[in-house]
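Data block below; observations after.
Number of protein chains: 6
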Amino acid sequence: MPVNIIILNCNTNSTLTEALRAIAAAAAGPHTEIVALTPPFGPESAEGYYESFISAAAMFAALEEHQEPFDAVVLAGFGEHGREGLRQRWAVPVVDITEAGPMFANLVAHRYGVVTTLSSTVPVIWESLRNAGLHTRCIGVEASEIAVSSIHADIAEVAAALETRARELITRGAEAIVLGCAGFAGLDAELSHRLGIPVIDGVPAAVRLAETLVGSGMKTSKAQAFQPVNPAKEWKGWPPVANPVA
Amino acid sequence: MPVNIIILNCNTNSTLTEALRAIAAAAAGPHTEIVALTPPFGPESAEGYYESFISAAAMFAALEEHQEPFDAVVLAGFGEHGREGLRQRWAVPVVDITEAGPMFANLVAHRYGVVTTLSSTVPVIWESLRNAGLHTRCIGVEASEIAVSSIHADIAEVAAALETRARELITRGAEAIVLGCAGFAGLDAELSHRLGIPVIDGVPAAVRLAETLVGSGMKTSKAQAFQPVNPAKEWKGWPPVANPVA
Amino acid sequence: MPVNIIILNCNTNSTLTEALRAIAAAAAGPHTEIVALTPPFGPESAEGYYESFISAAAMFAALEEHQEPFDAVVLAGFGEHGREGLRQRWAVPVVDITEAGPMFANLVAHRYGVVTTLSSTVPVIWESLRNAGLHTRCIGVEASEIAVSSIHADIAEVAAALETRARELITRGAEAIVLGCAGFAGLDAELSHRLGIPVIDGVPAAVRLAETLVGSGMKTSKAQAFQPVNPAKEWKGWPPVANPVA
Amino acid sequence: MPVNIIILNCNTNSTLTEALRAIAAAAAGPHTEIVALTPPFGPESAEGYYESFISAAAMFAALEEHQEPFDAVVLAGFGEHGREGLRQRWAVPVVDITEAGPMFANLVAHRYGVVTTLSSTVPVIWESLRNAGLHTRCIGVEASEIAVSSIHADIAEVAAALETRARELITRGAEAIVLGCAGFAGLDAELSHRLGIPVIDGVPAAVRLAETLVGSGMKTSKAQAFQPVNPAKEWKGWPPVANPVA
Amino acid sequence: MPVNIIILNCNTNSTLTEALRAIAAAAAGPHTEIVALTPPFGPESAEGYYESFISAAAMFAALEEHQEPFDAVVLAGFGEHGREGLRQRWAVPVVDITEAGPMFANLVAHRYGVVTTLSSTVPVIWESLRNAGLHTRCIGVEASEIAVSSIHADIAEVAAALETRARELITRGAEAIVLGCAGFAGLDAELSHRLGIPVIDGVPAAVRLAETLVGSGMKTSKAQAFQPVNPAKEWKGWPPVANPVA
Amino acid sequence: MPVNIIILNCNTNSTLTEALRAIAAAAAGPHTEIVALTPPFGPESAEGYYESFISAAAMFAALEEHQEPFDAVVLAGFGEHGREGLRQRWAVPVVDITEAGPMFANLVAHRYGVVTTLSSTVPVIWESLRNAGLHTRCIGVEASEIAVSSIHADIAEVAAALETRARELITRGAEAIVLGCAGFAGLDAELSHRLGIPVIDGVPAAVRLAETLVGSGMKTSKAQAFQPVNPAKEWKGWPPVANPVA
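What follows is the structure in structure tokens.
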């Protein structure tokens, strides 16, 4: 029986959506089908609090509009908001790449570090790690000051910048590195080779964890925090539609 | 020179918006003008992760559409998401009632407790307090299991339920009580009378803190976490508009 | 290519070793081969600090004596010591059931609780969770006061005792339950049915995580904490042999 | 109706007492009357544990001797002891500048730093922040090694030293700076101009918070921690008088 | 060579001073001489923040006036302020009974609890434990609501009240009990007999630790936090004298 | 009545065992008899997780085989595992040098640092300090990268390396230094002289604490964590014997 996994891109860059789909499909097992969704509105990249909160609602809107059944959801935005809302609204397992990368790291290293894009994302990532209970073994989150939009401009430069930040984290005690942006996908092998320690891309890790949870028959608990949304509640204009003049 | 303060209701219940405006105006000084905004889309009440993330984006949308200048913003949703996004996007002071209530409590008591609506909001409130650094003196967040929509149905019953939860918190060491829902506004005096300790409504507290910050000439720091959103970034359909068929 | 996973029983009860092997094999994929090892010395069950430290060394001894190659190790003792030693000594991924159960729980619930055997194991479990960075979302570890040796005497009584403790944890906020003893294996489905929330047995969860890590090509980092043991160091009588007169 | 606020200088330097009164008066509203008190005994500046504990009792003695009614108290010693004792002994709101500065900072920045006088005050400040629950967003407390007594000798040198320490804190992530000594009053505007981020003097902030609390009708909770001092208790020689031969 | 140890009573009850001297002398070695001091001013018992801060300064004053040399100081007030000030002002070892009791408990039990007098002392004790870094293994501080002044009125009633509170702490996991008031001295043996676990009186424990530190040649570090008080600083009326009309 | 104290060397280097015995005897009182034990199997030094877990079981085995009565046990391995197991298995007081050093440091300094051997021991030491509740005042654990086996090769070089690391810790705020290896014994006086602050060797400190506990009549609590090991439990080959061919 095939497993259907949704990959939620947190931003409106559909080229990245397709790249995430390809990476997920490469990591997935032979019986897994991957669908990647682009939010109906929002920024081309989420790099801080303002954009991240908008992305959360936009990913919800994308999933509300999706008509096909699915078995699990992967939130492909490192540090982005929305994880717990997905868990409350839907019953299938939800795996955030912000969880999958650090969980893998914790299983193969004593302490890990995160390398990310802009410094505006650092506090957002820390809060996500802390809310997930994954902060106590994280030694640091370092920004490369490379914007998401420029990642594909010069991949060698990106790799070099991440390597520099990773080496700083290693000096402070990091034994594994987690890539702190879905857009860094594909750089894990090269950086691991250069650094000599595990470097983890959360996207394939999350896809594999999602398959594992589905294979184990797990569903999200509907007690307390993720209790079902009251179906009788009145809503106004939800999900919204993209502003035609924006 | 008049001070213009925006009150952001986190839900789409315009009756509550007007009630919040009235409470804010009553607390404000003679030279303060209050404008209360209702989000363009979302639930009639935000009572958990899913609704709260949507409210964050919807409040941003409401403020983006607001054309008049303003000097400060009060986020009138206890525990709701979005606070840090408002601080990043705008430069004027932003005061969250989730901060104002506990700050007042910390100034007049050693430890405080929060009474709120449904149990689905409890983890959301704890995360907001922790992200604000206001959790270490909070002794508990107790749900009355009264939905926001039924608050005005029988105010005596609401007061009785909150009193019961507050007394539990007092037994555990609470010395002041913070009302954990913007919709509880107006119950502070009655509950304080019954309990014999300070009971704090965050809405007037936030309005007064906002006035104080404006009077002190404070602006939100634009370094690091709240650095300005990149003006060159491409956006799709933002702010969105209410779905005409939803 | 087959994947070879070692299951380390932490005690010298070989009947439990065989039971663990069967549970692991049932959870494993079609290309995984499971070998279960019994330590050469130690107690028939590890239920507290003294026995747990002995178990750690005894499991090391068992693995040192094992001649066949393997791709991953599962430590099948909930809360038992030794995890980090296995990671330092060998390069293949090591998954502790004390990690696997809580990680699954964190992916499907906001907060979880653990039900275990004797009260003497509770502080050992808390330290293991804290060292693994998995304590912040754990709401409690409750002892049923059922010794490991009596688990199979009356399985209905065991299930009833665990249900009672689980319900206490749910009252305090637990949304998923982790079985805190490898010997509870097989009770997850029944308890989940009774409680209406996810109940997780760490043994199959750990096997699946081990397969996932092997499939992802992960190896334990050899930097810092898990740097290779100095091969030139002089050892005395290691690994020891069972005392013929004990 | 006029509001009477007492400013408690923590040391016996009456020139500083007058300076604090002037700063407070400048910050206060038109209907607020400020009285500044100098303790009857103690050091000319409080710069560490020994002096700080003495200052606490000396401020209590000053307030015990004060005959006029008052509506609020401002404790004008950054990090100095005594705050909770004032709250227990009197019922009017007490605002410590060690609270007011960081609260303002937390409302306009994600993380803040403190610049202070001697390194002997640093642990005292950290303990005060932690006891107040204001430590989690404080990124550092840095000593300029300028003694309180030399602050007014060369104000340009003081500003330069504080700027250096502030820049170190900014490098580590501070987005706002709190002045960690009542004697630094008046340097906030200059430093904010140089650094480009909010710089907060706790004295005017505390005065404004005190006015806000009084305006809100707040009183200190008399439950538990701040329950009234037993009036039947026997005291010896309290409040003491200055030693005529010391 | 005899060792001279000062016992500082934190209150002005000279009967208690003599009782403390006797208990200390009974615990001390044959070559130790004990001198007990009563503060020159302050309350007959310190039971909360206000009285505790006054006691700190009053103990300092008592020691300033003491003319004989001494080798160590024991602060005999459980949870009372002043410890770090004594360490800064003098170079000899200072042992607080709030440290000695919990240190002994931590050496013979996994977790401990504290039984004390009034609820107003509970937050003061917690802050002292936290500042000393001794809070993480403390499971609770329970008030018997017996005032210090009534301890000697009916010792059997006191023992019964403490036993009740101690049993509550044991239920919550305490494995040893620390007596949280210097006035409880002498009840340790009786309570330990009743409860079947270690019950520790901090006064003899502190005396023995002080002897041990003196025997080891230890002196208080004069770096940073406890750097010497500036001898050039100007003081006013310190130490003060008891108010002749109070 | 003489006091018999067992010193447990954590490794199989019998020369170090004898050195520890001599240091302990020099610190002990005239009526104390010291016996030092070498484990029957294990590494010549314990420098990381793998070796440390083996040492724990090997020390247990050594003590199980010891036939003479004893009054207290000193665990002479800094950061090594096993402490809580000793406390559970035996009733006499157990003092770990990892506790004794930091406790002395906390009594004479506000914050301390630890200097140790290899970086592989650093996480083991941190976990031991945290489990003991002694981490909150520890400012850092710094590795000199000197292996235990080379300590005695060039003692001047060892002292120089430790001094360098200690000075780094002092810069970060350490006011006392704890020697983080039993093999550093004897370097405390020299380093204290060079650094001008207390430098503490845990071995004599632990011996003196053990004498103090015995003199106070303390026994380990047998409630909960350290409840007696079940005497009816079946064991296999315990304690093991050294492998004759290893």
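Protein chains in written order, with the numbering used here: chain A, 1 to 246; chain B, 247 to 492; chain C, 493 to 738; chain D, 739 to 984; chain E, 985 to 1230; chain F, 1231 to 1476. Just so it is clear, CB atoms sit at the ideal spot from N, CA and C, and this is done for glycine as well. What you are looking at is a predicted structure, and each value in this text was computed from that prediction instead of being measured.
Closer than 8 Å to chain B by CB, D/P936: Contact with chain B is found for D/P936, since one of that chain's Cβ atoms lies less than 8 Å from the residue's Cβ.
Residue range of the alpha helix (DSSP H) that includes A/A166: Going by DSSP, A/A166 is part of the alpha helix (DSSP H) stretching over 155–171.
Cβ neighbours of A/R172 in the same chain (closer than 7 Å, five flanking residues each side left out): Closer than 7 Å at the Cβ level, and outside the excluded window around A/R172, lie I139, G140.
CA nearest to the CA of F/A1256, picked from E/S1205, E/N1214, E/G1199: Nearest C-alpha to F/A1256 among E/S1205, E/N1214, E/G1199: E/G1199.
B/A452 to E/L1000 span [Cα, whole Å]: One Cα belongs to B/A452, the other to E/L1000, and the distance between them is close to 50 Å.
Contact under 8 Å by Cβ, F/S1379 with F/S1451: For the 8 Å CB-CB criterion, F/S1379 and F/S1451 do not form a contact.
Residues in the segment 94–115 of chain A having any Cβ partner in chain C nearer than 8 Å: From the segment 94–115 of chain A, only V94, V95, E99, M103, F104, N106, L107, V108, A109, H110, R111 have a Cβ closer than 8 Å to chain C.
Nearest to A/A280 (by Cα), restricted to the options B/A304, B/A308, B/L309: Residue 280 of chain A is absent from the model: chain A starts at 1 and stops at 246.
N-terminal and C-terminal residue of the alpha helix (DSSP H) that F/L1336 is part of: For clarity, residue 1336 of chain F is Asn in the given sequence; the question names Leu instead. Its alpha helix (DSSP H) spans residues 1327–1338.
Cβ-Cβ distance between B/A393 and B/E293 below 8 Å: The criterion of a C-beta distance shorter than 8 Å is satisfied by B/A393 and B/E293.
Within chain B, the residues that A/R165 reaches when beta carbons sit closer than 9 Å: Those do not exist, as A/R165 stays about 16 Å from chain B at its closest Cβ, beyond 9 Å.
Beta-carbon gap between E/V1187 and F/M1448 smaller than 8 Å: Taking a C-beta distance under 8 Å as the contact criterion, E/V1187 and F/M1448 do not qualify as a contact pair.
Classification of C/H644 by the beta-carbon crowding that lies within 10 angstroms, buried from 16 upward: C/H644 counts as exposed, since fewer than 16 other C-beta atoms from the protein chains shown sit within 10 angstroms of its C-beta.
Candidates C/T608, C/P585, C/E510, of which the one nearest C/N496 by Cα: Residue C/P585 holds the alpha-carbon nearest to the alpha-carbon of C/N496 among C/T608, C/P585, C/E510.
Simplified DSSP assignment, three categories, for B/W493: Past the edges of chain B, shown from 247 to 492, lies residue 493 of chain B, and the structure says nothing about it.
Anticipated Cβ contact below 8 Å, D/T874 with B/T382, distance rounded: Cβ atoms of D/T874 and B/T382 come within 8 Å of each other, at about 7 Å.
Short Cβ contact (8 Å threshold) for B/I371 with B/F324: Between B/I371 and B/F324, the gap from beta carbon to beta carbon is short of 8 Å.
When D/P778, D/T750, D/I745, D/S790 are compared against D/T770, the one with the closest alpha-carbon: Ranking D/P778, D/T750, D/I745, D/S790 by Cα distance to D/T770 puts D/I745 first.
Short-range partners of chain H found in the segment 956–979 of chain D, where Cβ spacing is below 8 Å: The structure shown contains no chain H; the protein chains it does contain are A, B, C, D, E and F.
Cross-strand partners of F/I1430 (DSSP beta bridge): DSSP output for F/I1430 lists F/V1408 as bridge partner(s).
Outcome for E/T996 when other beta-carbon atoms lying within 10 angstroms are tallied against a minimum of 16: Buried, by the Cβ-count rule.
Alpha carbon of A/R21 to alpha carbon of A/A36, nearest angstrom: In this structure, the CA atom of A/R21 is about 5 Å from the CA atom of A/A36.
DSSP three-state assignment for E/A1131, whether helix, strand or coil: E/A1131 falls in the coil class under three-state DSSP.
Three-state secondary structure (DSSP) of F/P1273: Here DSSP, grouped into helix, strand and coil, assigns F/P1273 to strand.
Same chain, Cβ closer than 8 Å to F/F1456, five either side skipped, listed in chain order: Its chain contains E1314, R1317, Q1318, T1450 as the residues whose beta carbon lies nearer than 8 Å to that of F/F1456, once the 5 sequence neighbours on both sides are disregarded; these appear in chain order.
Coil, strand or helix - B/L433 by DSSP: Here B/L433 sits in coil by DSSP.
Euclidean distance between Cα positions of B/W484 and A/S128: B/W484 and A/S128 have their C-alpha atoms roughly 24 Å apart.
A/N255 - containing alpha helix (DSSP H), residue span: In the structure as shown, chain A starts at 1 and stops at 246, and residue 255 of chain A therefore has no counterpart that could be examined.
B/M247, buried or exposed, once every other Cβ within 10 Å from all chains shown has been counted against 16: When all chains shown are included, B/M247 counts as exposed.
Test: E/P1159 CB closer than 8 Å to a CB of chain F: The sequence given here places Glu at residue 1159 of chain E; Pro does not occur at that position. Cβ-Cβ to chain F under 8 Å: yes for E/E1159.
Members of the segment 777–804 of chain D that neighbour chain B once the beta carbon cut-off is set at 7 Å: If the cut-off is 7 Å between Cβ atoms, the segment 777–804 of chain D has nothing near chain B.
Within-8 Å CB hit, B/P450 to chain D: Chain D, which has a Cβ nearer than 8 Å to the Cβ of B/P450, makes this yes.
B/R335 at chain A interface by Cβ criterion, 8 Å: The beta carbon of B/R335 falls within 8 Å of a beta carbon belonging to chain A, placing the residue at that interface.
One or two residues paired with F/K1466 in a DSSP bridge: F/K1466 is bridged to C/G534.
Beta-carbon neighbours of D/R932, restricted to chain B and to distances below 7 Å: The premise fails here: D/R932 is roughly 14 Å from chain B at the closest Cβ pair, so nothing lies under 7 Å.
Identified DSSP bridge partners for F/E1263: DSSP output for F/E1263 lists F/N1234 as bridge partner(s).
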